């Protein structure tokens with residue numbers, strides 16, 4: 012609303028459907044409302060989902076709410092302050108900042124796994140206790156979203172990320188200077204608690220700046236960053252330990268990494284959350300003209316911010332969705348498995364060699380382990396990059412609102428690759444007579460499967476739940492982080508007692524049970540989404556209305 016004037020109601024530029032010359036149909040009005048909410052709230056829509064018609068009932072579009080002329084909105088459809096109107100270069104720069112932050116915090120989660128033997132020696136503890144190094148950090152991932160989700164909704168993306176990243180960087184000091192396990196584990200947990208903020212808020216930033224038609228590649232790259240960090244961590248830390256310097260340099264290097272990322276975020280990241288931008292605009296108008304702008308307000312000021320309302324939106328809603336959404340349940344189970352396997356691989360690096368040739372007690376992770384991890388990292392990168400155009404193929408399609416199931420191509424390739432890679436790696440890595448490069452080829456296939464499953468399913472969740480994607484991601488992050496936190500506590504014992512072949516077979520067998528999931532969703536996902544309470548199903552609304560129009564047209568012809 013320009014200059015605080017309220018003589019007319021400007022149309023928000025966050026809508027993706029331009030109004031035609033004639034009046035909009037009820038369906039077009041509903042679609043416009045849905046897309047406006049998607050663009051205004053990203054995945055953090057505070058409103059409850061509208062009721063859907065039952066099967067067999069005629070489609071009746073929900074009337075859009077009347078827009079209050081006193082509510083401040085954009086200054087026309089081309090308002091440069093609207094993140095959707097930013098240049099492509101700026102959007103990609105914002106995306107790169109979010110990806111960099113995500114790689115930084117996930118890097119810290121797994122890096123110390125290369126120094127567990129040294130930590131065990133210096134802190135005079137057992138191997139089982141040293142495994143808590145990864146577990147305590149990931150437990151921070153479990154509880155962090157309960158704070159950073161509401162924080163992002165109330166204070167905006169930038170403030171939340173800035174505070175969390177500054178504190179995350181400072182907790183590297185506690186880890187690097189710790190002289191007892193209590194201090195070390197407490198600072199690890201708090202680092203994970205604050206470090207999970209980019210995992211929670213970065214997806215919202217992407218939803219704020221990219222439309223549904225253009226966010227495919229950006230979402231895929233962000234999804235890849237979630238596991239690139241855990242893969243890079245042991246590689247870099249392995250070189251540090253192998254160089255002969257103190258294990259504490261793992262955290263000094265991590266602090267340099269996170270400090271650089273935090274400085275970049277503070278300088279370069281701009282606020283993107285529309286409700287907060289509108290609130291800032293209202294404050295500026297009130298300051299410039301206190302009397303003339305006293306009646307103006309931002310929608311965020313009208314929302315219920317009582318503790319109970321916030322708890323319902325940010326805590327109850329994710330678990331409500333997890334209890335009643337079949338798509339979210341299966342995707343969360345699958346991603347929890349592959350996420351746990353990813354951290355499992357960090358805990359059992361070199362186990363095949365340990366089983367064949369037990370090392371001396373003073374042995375440390377060697378160059379062979381570093382090269383193996385580097386090979387897996389390169390394999391995952393090779394597995395993901397050629398398929399980025401395929402994962403985002405709907406962006407180039409003629410349909411304005413592509414079906415969410417189009418995002419499942421990567422998972423349909425990755426799920427068999429995960430199973431094959433697990434069996435291959437296990438049964439070739441068990442025997443000393445098998446050349447070293449044969450199980451490494453299995454690691455390539457396994458890494459490719461993990462990469463594709465992650466990128467594909469996270470994109471699928473975004474396109475399925477749209478304005479409620481933040482709640483879906485919160486539930487998914489909670490469960491997969493909890494599983495990943497538990498995995499390091501038993502994986503070494505499992506591999507030692509069952510052997511590499513049977514332990515890998517167990518993991519591959521669970522993957523085999525879940526392997527049909529993307530294929531079932533590809534075939535039946537539209538039906539499941541249609542019955543979902545939280546999936547807006549914009550594509551299905553259009554298809555249903557078109558079918559009814561065609562049926563009505565045929566009925567008219569038959570009566571002539």
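Residue numbers (this note's numbering): 12 to 571. Don't be surprised by glycine CBs; every beta carbon is placed ideally from N, CA and C. Source: prediction; values computed, not measured.
- Judged by DSSP in its simplified three-state form, residue 308 adopts strand.
- Around residue 189, the same chain offers 195, 198 as residues with beta carbons nearer than 7 Å, after the five sequence neighbours per side are excluded.
- Remark: C-beta atoms of residue 114 and residue 275 do not approach each other more closely than 8 Å.
- Contact between the segment 479-491 and the segment 331-346 is present, with at least three C-beta pairs closer than 8 Å.
- In the three-state DSSP reduction, residue 107 falls in the helix class (H, G or I).
- If you ignore the 5 residues before and after residue 436, its C-beta comes within less than 7 Å of the C-beta of 450, 453, 454, 457, 515, all in its own chain and listed in chain order.
- Here residue 82 carries a strand assignment [DSSP, helix/strand/coil].
- Between residue 237 and residue 466, the alpha-carbon positions lie close to 9 Å from each other.
- Between the alpha carbons of residue 95 and residue 221 lies a distance of about 6 Å.
- Taking C-beta atoms under 8 Å as the contact rule, residue 223 and residue 351 fail to qualify, at a distance of about 31 Å.
- Of the other Cβ atoms in all chains shown, fewer than 16 fall within 10 Å of the Cβ of residue 448; this residue is therefore exposed.
- Here the alpha carbons of residue 210 and residue 142 stand approximately 23 Å from one another.
- Closest in C-alpha terms to residue 161, from the list 521, 481, 241, comes 481.
- Annotated as distal: residue 219 and residue 152, with beta-carbon spacing of 8 Å or more.
- A distance below 8 Å between beta-carbons, with the five flanking residues on each side excluded, links residue 137 to the following residues of its chain, in chain order: 131.
- Here the alpha carbons of residue 484 and residue 249 stand approximately 32 Å from one another.
- Around residue 419, the same chain offers 467, 471, 529, 532, 533 as residues with beta carbons nearer than 7 Å, after the five sequence neighbours per side are excluded.
- Taken through DSSP and simplified to helix, strand or coil, residue 476 comes out as helix.
- When secondary structure is reduced to three states using DSSP, residue 313 falls in the helix class.
- The beta-carbon separation of residue 321 and residue 308, rounded to 20 Å, does not stay under the 8 Å limit for a contact.
- Residue 183: member of the alpha helix (DSSP H) spanning 168-188, first to last residue.
- Under the criterion of beta carbons closer than 8 Å, residue 231 and residue 112 do not qualify as touching, at roughly 17 Å.
- Residue 254 sits in coil when the DSSP states are folded into three classes, being neither helix nor strand.
- Of all C-beta pairs linking the segment 504-520 to the segment 168-186, fewer than three are shorter than 8 Å, placing the two stretches out of contact.
- Cβ-Cβ distances below 7 Å link residue 277 to 173 in the same chain, with the five nearest sequence neighbours on each side left out; the list follows chain order.
- Comparing alpha-carbon positions, the option among 155, 289, 433, 126 lying closest to residue 83 turns out to be 289.
- Less than 8 Å divides the Cβ of residue 117 from the Cβ of residue 240.
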